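Shown next, in structure tokens, is the structure this report addresses.
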Amino acid sequence: MHLLRSLDDEQVFQRVQGMRPVGFPEAEMGDVLVAGAGVWVDENGARRSEYRLVELTVSPERLGLSAEVSVHHDIWGSCDFRGTPRPEVQQQNAPRLAAALKDLDDLLGTVAEPGEATYFGAAEGYGVAEPMMVDGRGPDLTDRL
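Residues 0 to 144 in numbering that gives the first Met the number 0 are what the sequence shown spells out, letter by letter.
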């Protein structure tokens with residue numbers, strides 16, 4: 000479903016409910032994936048649009064609401080996926096991610112738990128953990144892109 004409104008708009012909820020299968024009027028909504036274009040800032044300060052820069056999955060479970068945030072870009076850490084240090088890119092973007100994650104904690108009234116580490120990195124606090132550096136470079140992760 001493509002949205003042109005804010006997620007907290009009442010019409011969004013009504014549209015989601017309207018997607019219930021006709022043959023299953025008692026069906027309940029499962030996970031909701033929120034994906035779209037995000038904006039990041041390059042080393043020169045130029046703003047760039049990137050599809051699926053960040054994803055939010057919300058799960059309305061019986062025990063309570065849960066949310067998962069996933070990032071899919073190398074702009075949050077100190078090195079790009081080739082291992083080249085890019086501190087100016089990290090300085091432009093990592094604080095924005097940290098602020099958004101903190102806002103999500105405040106909204107949900109809880110402190111987020113970091114998810115499992117992946118080949119590309121691990122969550123640490125409100126950001127991405129620093130990679131192990133060898134001779135001033137991070138790991139080259141391009142073999143899995």
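Just so you know, even glycine gets a beta-carbon here, dropped at the ideal spot from N, CA and C.
On a predicted model such as this, the values are computed, not experimentally measured, just so you know.
Q: Decide if G63 is buried, meaning its Cβ has at least 16 other Cβ atoms within 10 Å, or exposed.
A: Your numbering for residue 63 matches position 64 in the sequence shown. Exposed, because fewer than 16 other Cβ atoms sit within 10 Å of the Cβ of G63.
Q: Return yes when the Cβ of A97 is within less than 8 Å of the Cβ of G76, no when it is not.
A: For this step, residue 76 is matched to residue 77 along the sequence shown. For this step, residue 97 is matched to residue 98 along the sequence shown. The answer is no: Cβ separation not under 8 Å.
Q: Give me the Cα-Cα distance between V133 and V53, rounded to the nearest whole angstrom.
A: Walking along the sequence shown from the start, residue 133 turns up at place 134. Walking along the sequence shown from the start, residue 53 turns up at place 54. Straight-line Cα distance between these residues: approximately 29 Å.
Q.
Output needed for P113: all residues of its chain with C-beta closer than 6 Å, excluding positions within five of it in sequence on either side, in chain order.
A. The sequence position of residue 113 within the sequence shown is 114, counting from 1. Contacts found: A122.
Q: Would you mind sorting N92 into buried or exposed? The rule is 16 or more other CB atoms within 10 Å of its CB.
A: Walking along the sequence shown from the start, residue 92 turns up at place 93. Flag for N92 reads buried.
(Q) Mapping the DSSP letters down to three states, classify L103 as helix, strand or coil. (A) By one-based count along the sequence shown, residue 103 stands at place 104. In this structure, L103 counts as helix in the three-state DSSP scheme.
Q. Are there 16 or more other CB atoms within 10 angstroms of the CB of D73, so buried, or fewer, so exposed?
A. Here residue 73 corresponds to residue number 74 of the sequence shown, with the count starting at 1. When all chains shown are included, D73 counts as buried.
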